[in-house]
């Protein structure tokens, strides 16, 4: 037997429902954002997919090459070089950056006078322009006049050529990147640390646990969702690194700091090979997607949402 | 509880604001006019005169409104409005609006606008991109206008007109039809600090200087932190306070190569010349200036430093005249400019010159008015202001007392290079092989490989690309 109320509800059109409810207002308010997202984000993303199958530039899209651009990428020595550099960058910066951020967050989680000021100090590099920071570090890395080699000289060590050395240029950028990312990750870890109930620590203390055991068996497991999120974001961000080598080295010396996104930028906006640049962008997208999926798959082994 | 602003009144205010904005936006735009007239239309990159009914966008005075596109470069951004104002008063066939963008956004934006057919009517060119836009039919071939108005191209320096010519069949610049007119040009000269020369007791550079005399002077000018000169016993190359020279870099290196009979690629861009013996000799010499004579700093030394000529850490350098007026304003010590060292084995002296060219977009609705503006800018009307931003390409303007008066003493050197300079490989596809050259050559300056090894590697990589981009 039909329910009277339900039948009456079904007769009302969608438009009427929208008019009566507050949904209409909701849709109206989010419409500009949705429109912008569709037109200015998803539109170009789809356009890039289409472009990746053609050979051409801005002015003339010349011909359909199918998977030709993807094939070219796998034969391109520079693409492999940039991928190796980027992977090296991610491996070198993500674990170290996370470990240091966690240590910093634990230090900043103390109830000390002026602690908010210290937190702000460490967060400052994150909100400073990457270009300004890159220029400042380029000066610090100057082999003869830079502050880093001057300190090393005082200690009796001859510093390397840093950004001018194919061996040291990428590590130099990695050091700067870790320094810059500390504040942001520290803030996330700090939020995670403050979300751990004090009762767990009290219980652990009653059981006779010391500082290290409390960290190992309480802090670290309960912080694992935050750690997991930071790991995901850092790997994605690491594979997208661009501005440091763009400003400081332009990919040199001898391609030692050429990253995948820098190569995409050079192909898209310097040699105007839009089709090839789009293909490279999609290859990078799939690499990041696969790595993220692997991380999600692996999370059940070490991420604990409760003790 | 009632809020301070009801939904109805909020919407009223919002509506009134929107109506006001639309009204004011409409008021600023004059009504387009429909007229029948003789117009020049562009057929396959070449203008042709036809009669047709056209709808013209108009400026506040009702005249066509031309858009000129320029990247952010302050001296030009200050000069252009003055030139446009004079043009509107003296020629008066159109009004001109200046549009600008930062350098790194300028070209992508121009490319997208050109692709959409809405690029500004005129724009500044870039020496290494002109070939690309001529080839793609983006820049207007102005030969018919030059012929119609009997414009004498000899009134500009030859190298600056070469920078506007492009031949589609070969993909080479410097020949074929003219696709724009020149405004200012810059070239490579020797800058030197007279005070540091006097202190070292070294004679100033002159017309007879050879490359080896340049090297001898550079060694004597080099001084370590203890005051020992580069040619003295006990000189400490690890602790140099003043370097004798800075002569390594894109254009400076090319100048040395040309003056030794070498080069990067052949003039028709079909063959790599980097591994020619004349070129290898120069590359090894440049590496020796760093690692053997210690009179030229390694590229890393410059990182993060302000202008080292300005801070007196370099006694002389081969550099572009784009710094000339900046140095006149900033330098507090005695300095001057001279020609680059002369050619070896009796070769005539060659230096580099790059031109700021002006171009008309082939899709413009106003080719006639754009031509009027182009001619005005490249003529005496534009040069009056352009000469404050660089060396004018118009010979009469460059030779004028107004330009030649003032510092440095041998300012004339900057204009004389227009007679014997050449361009820096501006041909179609130049970016593809230069990218490889610029990266690979670093191994030489880092002291990791010999000149011969580096040069052969570069040519092995460049030659297939040259084959790929070669046309006729």
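Chains as they are written, first to last, in this note's numbering: chain A, 11 to 317; chain B, 2 to 473.
Cβ coordinates follow ideal geometry from the N, Cα and C atoms, glycine included.
On a CA-only basis, which of A:143, A:72, A:161, A:207 is nearest residue 283 (chain A)? Give me that one, please. Of the listed residues, the one whose Cα sits closest to residue 283 (chain A) is A:72.
Note down, in chain order, every chain B residue with its Cβ under 9 angstroms from the Cβ of residue 156 (chain A). Here the neighbours are 304, 305.
Residue 70 (chain B) - containing beta strand (DSSP E), residue span: Counting along the chain, the beta strand (DSSP E) containing residue 70 (chain B) begins and ends at 66-72.
If you measure between the beta carbons of residue 253 (chain A) and residue 141 (chain A), is that distance less than 8 angstroms? Yes, these two residues count as a Cβ contact at 8 angstroms.
Provide the residue span of the beta strand (DSSP E) that contains residue 242 (chain B), from first to last. It spans 241-247 - the beta strand (DSSP E) in which residue 242 (chain B) sits, taken as one unbroken run.
Start and end residues, alpha helix (DSSP H) containing residue 150 (chain B): Counting along the chain, the unbroken alpha helix (DSSP H) around residue 150 (chain B) starts and ends at 144-150.
I need the straight-line Cα distance from residue 262 (chain A) to residue 99 (chain A), nearest angstrom please. Taking the straight line joining both Cα atoms gives about 15 angstroms.
What does residue 112 (chain B) touch in chain A if you count any residue whose Cβ is under 8 angstroms from its own? Chain-order list of chain A residues neighbouring residue 112 (chain B): 67, 68, 69, 282, by C-beta distance under 8 angstroms.
My assumption, with CB atoms under 8 angstroms, is that residue 250 (chain A) sits in contact with residue 271 (chain A). Please give the rounded CB distance. At roughly 5 angstroms, the Cβ-Cβ gap stays under 8 angstroms, so residue 250 (chain A) and residue 271 (chain A) are in contact.
Nearest to residue 182 (chain A) by alpha carbon, out of A:172, A:176, A:190? Relative to residue 182 (chain A), the option among A:172, A:176, A:190 whose CA is nearest is A:172.
What do you reckon, are the CB atoms on residue 387 (chain B) and residue 121 (chain B) nearer than 8 angstroms? In this structure, residue 121 (chain B) does not lie closer than 8 angstroms to residue 387 (chain B) by Cβ.
Can you give the Cα-Cα distance for residue 85 (chain B) and residue 79 (chain B), rounded to whole angstroms? Rounded to the nearest angstrom, the two C-alpha atoms are 11 angstroms apart.
Could you run through the region 126-141 of chain B and flag, in chain order, every residue whose CB is less than 7 angstroms away from some CB of chain A? For the region 126-141 of chain B, the beta-carbon criterion of a distance under 7 angstroms to any beta-carbon of chain A is satisfied by 137, 139.
Kindly list, in the order they appear in chain A, the residues whose Cβ is closer than 9 angstroms to that of residue 447 (chain B). Neighbours of residue 447 (chain B) on chain A, chain order: 171, 174, 175, 176, 263, 264.
Rounded to the nearest angstrom, what separates residue 355 (chain B) and residue 189 (chain B) at their Cα positions? Taking the Cα positions, residue 355 (chain B) is about 9 angstroms away from residue 189 (chain B).
Against residue 433 (chain B), what residues of chain A qualify as contacts under a CB-to-CB distance less than 8 angstroms, listed in chain order? Think of a sphere of 8 angstroms around the beta carbon of residue 433 (chain B): the chain A residues whose beta carbon falls inside it are 281, in chain order.
Please report the distance separating the alpha-carbon of residue 286 (chain B) from that of residue 264 (chain B). Per the coordinates, the alpha-carbon of residue 286 (chain B) lies some 14 angstroms from the alpha-carbon of residue 264 (chain B).
Would the beta-carbon of residue 314 (chain B) fall within 8 angstroms of that of residue 256 (chain B)? No, these two residues do not count as a Cβ contact at 8 angstroms.
Close beta carbons around residue 65 (chain B), own chain, < 6 angstroms, minus the five adjacent residues each side: Excluding the 5 residues flanking it on each side, residue 65 (chain B) has same chain C-beta neighbours closer than 6 angstroms at 57, 95, 367, 370, in chain order.
Endpoints, the beta strand (DSSP E) within which residue 175 (chain A) is located: Careful: residue 175 (chain A) lies outside any beta strand (DSSP E) and carries neither H nor E.
Please classify residue 157 (chain B): is it buried, with 16 or more other beta-carbons within 10 angstroms of its beta-carbon, or exposed? With 16 or more other Cβ atoms within 10 Å, it is buried.
Is the CB-CB distance between residue 160 (chain B) and residue 424 (chain B) below 8 angstroms? Result yes, Cβ atoms of residue 160 (chain B) and residue 424 (chain B) sit closer than 8 angstroms.
Does the region 230-238 of chain B come within contact of the region 266-283 of chain B, defined as at least 3 CB pairs closer than 8 angstroms? Result no; under three Cβ-Cβ pairs closer than 8 angstroms.
Could you tell me whether any Cβ in chain B is nearer than 8 angstroms to the Cβ of residue 149 (chain A)? By this cut-off, residue 149 (chain A) is an interface position.
Would residue 316 (chain B) pass as an interface residue toward chain E - the criterion being a Cβ-Cβ separation below 8 angstroms? The chain inventory of the structure shown lacks chain E, comprising the protein chains A and B.
Limits of the alpha helix (DSSP H) - the one that residue 109 (chain B) falls within: For residue 109 (chain B), the uninterrupted alpha helix (DSSP H) run begins and ends at 104-117, by DSSP.
For the alpha helix (DSSP H) that residue 235 (chain A) lies in, which residues bound it at each end? Looking at the DSSP string, the run of the alpha helix (DSSP H) that includes residue 235 (chain A) is 230-249.
Is it true that the region 174-184 of chain B meets the region 302-312 of chain B, where meeting means three or more beta-carbon pairs spaced less than 8 angstroms apart? Because the criterion of three Cβ pairs below 8 angstroms is not met, the region 174-184 of chain B and the region 302-312 of chain B do not touch.
Are the region 229-245 of chain A and the region 191-207 of chain A in contact at 8 angstroms, needing three or more beta carbon pairs? Look at the beta carbons and you see the region 229-245 of chain A touching the region 191-207 of chain A: at least three pairs across the two are nearer than 8 angstroms.
Strictly under 8 angstroms for the Cβ-Cβ distance: is residue 119 (chain A) near chain B by that measure? Interface annotation, residue 119 (chain A): not in contact with chain B, CB-CB separation never under 8 angstroms.
I'd like to confirm the pairing. Which residues does DSSP put opposite residue 337 (chain B) in its beta bridges? The bridge partners DSSP lists for residue 337 (chain B) are B:193.
Check the C-beta distance from residue 140 (chain B) over to residue 360 (chain B) and give it rounded, since I have them as a contact under 8 angstroms. Here residue 140 (chain B) really is in contact with residue 360 (chain B); their C-beta atoms are around 4 angstroms apart, less than 8 angstroms.
Separation of residue 71 (chain B) from residue 25 (chain B), as counted between CA atoms: For residue 25 (chain B), the predicted structure reports a pLDDT of 47, less than 50, and the residue's modelled location is therefore unreliable. The matter cannot be settled from this model.
Can you name the start and end residues of the alpha helix (DSSP H) that residue 65 (chain A) belongs to? For residue 65 (chain A), no alpha helix (DSSP H) encloses it; the enclosing beta strand (DSSP E) starts and ends at 64-66.
The region 74-97 of chain A: positions lying closer than 7 angstroms to chain B by Cβ: Residues of the region 74-97 of chain A that bring their beta carbon within less than 7 angstroms of a beta carbon in chain B are absent altogether.
Between residue 23 (chain A) and chain B, is the shortest Cβ-Cβ distance under 8 angstroms, so that the two count as touching? No, no contact with chain B.
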